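Report on the following structure.
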Amino acid sequence: MQVSVLIVTLNEERYILECIKSIESQFSDGTDWEMIIVDGKSTDNTIKLASEYLEKNALYPYQILSNDEKILATGWNIGIKAAKGEYIIRPDAHAILYPGYIREGTKTLQEKPEVGAVGGTLKTLSKGFWGDLIKIALSSKIGVGDSSFRVGAKSGYKDTVVYGLYRKEVFDDVGLFNEFLQKHQDTEFHARLLKKGWKFWLNDCMTAGYYCRDSIVGLAKQMYKIGLHIPDLIKGQYVIGIQPRHLIPFFFFFPY
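Following this line, the structure appears as structure tokens:
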């Protein structure tokens, strides 16, 4: 088994089938990869849609597992423990991978033994009027800071990657995702990975799409939670992974 594709879901009925189909298009057959869906007790039709589609169409091994804790890091860890692949990739359920993403990623890892994870650039997608406006904000440096993968960076070493294709041995070396963190689990994990001497590579031949929130209320809730849990990264053993871009919003708020 070369590649394990891990999707953690929670109420993703609007996006799950498009995500699955984009992953299927990465492979010419089903002999050397598997799909693992880990669901956090969805209350919509996410698992019904996914299971019905996979039962009818999947020509590759797949598993649908349960994440009783409903925590993203826990879902990732359940999937990683179940994975049989040499490489593991974890796209969001509301994301799509454009053609060649995984092929280019495995090629990079084979050519660069120092790289623990490789990712691509991220294209923000939207649905509806408000989604289109939010997409504009999330596609600019004013909206997202210096997150290079969001603003069309070129190939090179970075401090993080999006929708990374990881060597499975990285998890043996660094450990799994920190389940005590409600948010920013990947930030903390990536900082540990760098501390261990692994590197990240952004391959600009790899592109993924990501559906942003499609309402101002939804965006506000998302950003509130992101900001609320930033302090978790600077408490005790979590003092790791903070970058200037994470702290800039604080300075806009501080004078008030």
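Residue numbers (the working numbering): 704 to 959.
Yeah, the Cβ is synthetic: ideal placement off N, Cα and C, and Gly gets one too.
Computed from a prediction, not measured in an experiment: that's the story for all the values here.
| Query | Result |
| --- | --- |
| Limits of the unbroken beta strand (DSSP E) element including Tyr718 | Segment: none, Tyr718 is in no beta strand (DSSP E) and carries neither H nor E. |
| CB-CB length for Val708 against Ile726, believed under 8 Å | 5 Å |
| CB of Phe892 within 8 Å of CB of Asp862, strictly | no |
| Collapsed DSSP secondary structure at Asn906 in the structure displayed | strand |
| Exposure of Val816, with buried meaning 16 or more beta-carbon neighbours within 10 Å | In the sequence under discussion, the amino acid at residue 816 is Pro, which differs from the Val named in the question. Counting Cβ neighbours within 10 Å, Pro816 comes out exposed, since fewer than 16 surround it. |
| Contacts around Asn881, its chain only, beta-carbon distance under 8 Å, and the 5 residues preceding and following it disregarded | Ala776, Gln888, Glu891, Phe892, Tyr941 |
| Euclidean distance between Cα positions of Lys773 and Gly803 | 31 Å |
| Same chain only: Cβ atoms within 8 Å of Gly859, ignoring 5 sequence neighbours per side | Trp904, Leu905 |
| Identity of the residues DSSP links to Met738 by a beta bridge | Val708, Tyr765 |
| Per-residue burial, Ser745 [other beta carbons within 10 Å of its own, 16 or more giving buried] | buried |
| Contacts around Lys899, its chain only, beta-carbon distance under 7 Å, and the 5 residues preceding and following it disregarded | Asp876, Val877 |
| Assigned exposure category for Gln729 - 16 Cβ within 10 Å defines buried | buried |
| Best match in Tyr914, Leu884, Leu868 for proximity to Glu789 [C-alpha to C-alpha] | Leu868 |
| Buried or exposed by the 16-neighbour rule on C-beta atoms within 10 Å, applied to Leu762 | exposed |
| Three-way DSSP call (helix, strand, coil) for Ala911 in this model | strand |
| The segment 745–756 contacting the segment 714–723, beta-carbon criterion three pairs below 8 Å | yes |
| Bounding residues of the beta strand (DSSP E) (the contiguous stretch that carries Ala786) | Segment: none, Ala786 is in no beta strand (DSSP E) and carries neither H nor E. |
| Local conformation of Ala798 per DSSP, three classes | strand |
| Element boundaries [alpha helix (DSSP H), containing Leu757] | 749–760 |
| Straight-line Cα distance separating Thr827 from Lys784 | 30 Å |
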